[in-house]
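Sequence positions in the sequence shown follow my numbering and run 9 to 116. Glycine is no exception: its CB is placed at the ideal position from the N, C-alpha and C atoms. Computed from a predicted structure; not experimentally measured.
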Amino acid sequence: MDTTLAALSDPTRRAILARLAEGEATVNELAAPFPISQPAISRHIKVLAAAGLIVQRVDGTKRPCRLAPGGLSDLDAYLDMLRNALRHNYDRLDRLLAASGEKKDEDP
9 MDTTLAALSD
19 PTRRAILARL
29 AEGEATVNEL
39 AAPFPISQPA
49 ISRHIKVLAA
59 AGLIVQRVDG
69 TKRPCRLAPG
79 GLSDLDAYLD
89 MLRNALRHNY
99 DRLDRLLAAS
109 GEKKDEDP
């Protein structure tokens, strides 16, 4: 998960993932909107592939990229655990505040 979070920490890599969410793309297609070189985009792609977020296939001289199935599964499970913990804490706080409000109503 550390590798995934490190890969997601860069805005260019997040933009590449957002583009790939629309469908498969070649390295040149991914590089087009950025003011950086194609080799720099290739380095970003290597980081994303090492993190298991994207996969590349060989199609002649092209290497189209696409999102890796389940690439964010570990991160998603971790975030779900945090969401559940927060929900539990807020539920406890709600119960505490409700009980506190009931005590105020009982005081003369």
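On the criterion of 16 or more Cβ atoms from any shown chain inside 10 Å, does histidine 52 qualify as buried, or is it exposed?
buried
Return the bridge partner residues of glutamine 46 from the DSSP annotation.
DSSP output for glutamine 46 lists no bridge partner at all.
What is the DSSP secondary structure of alanine 33, reduced to helix, strand or coil?
strand
Given that a residue counts as buried once 16 or more other Cβ atoms are within 10 Å of its Cβ, and exposed if not, what is alanine 59?
buried
Let's see if you can read the secondary structure: which residues bound the alpha helix (DSSP H) around arginine 27?
19-28
7 Å Cβ shell around alanine 76 - same chain, five flanking residues per side excluded
Gly60, Leu61, Ile62, Val63
In whole angstroms, what separates the C-alpha of valine 66 from that of proline 72?
7 Å
Any idea if alanine 15 is buried or exposed, counting beta-carbon neighbours within 10 angstroms, 16 or more meaning buried?
buried
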